[in-house]
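At position 37 of the sequence shown (counting the first as 1) the number is 17 in the numbering used here, and the numbers step up by one without a gap.
From the three backbone atoms N, C-alpha and C, an ideal C-beta is built for every residue, glycine too.
As the structure is a prediction and not an experimental result, all values here were calculated from the model.
Okay, so here's the structure we're looking at.
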Amino acid sequence: MLVKMLVGLSGSAFSLGPGDEHDFPQDEALRLISAEYAVPVSETKIERAVALAPAERRGRRTKNVVPGKNHDAGRS
């Protein structure tokens, strides 16, 4: 049974830290889970959709339609 360790555990054949996953025999895995040293790992990975942030826009968004300082240049 595949379990995810909550605490560190080492033996003659392995050395596991918190967050490590290891496949134990059924009775050993149940003993670790009941002692709250590990949690069972689900066999199917759930893929979750994540909304992406909109792309950052740089520069002007629209054309500047307001005339500049010399908007009446050339007129008398």
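message = Three Cβ pairs or more, each shorter than 8 Å: is that satisfied between the region -11 to 6 and the region 27 to 34?
response = Contact fails: fewer than three Cβ-Cβ distances are below 8 Å.
Inset, instruction - Reducing DSSP to helix, strand and coil, say where Leu(-11) ends up. - result: Strand at Leu(-11).
message: Let's test the definition: count the other Cβ atoms within 10 Å of the Cβ of Val(-17) and tell me whether it reaches 16, buried, or not, exposed.
response: Buried: at least 16 other Cβ atoms inside 10 Å.
Requested in this report: Please report the residue range of the beta strand (DSSP E) in which Asp3 lies.
Outcome: Unbroken beta strand (DSSP E) run through Asp3: Glu1 to Asp3.
| said: Tell me the DSSP secondary structure of Leu(-4) in three-state form. | reply: Three-state DSSP puts Leu(-4) in a strand.
**Q.** Strand pairing of Lys25, partner residues [DSSP]
**A.** Beta-bridge pairing links Lys25 to no other residue.
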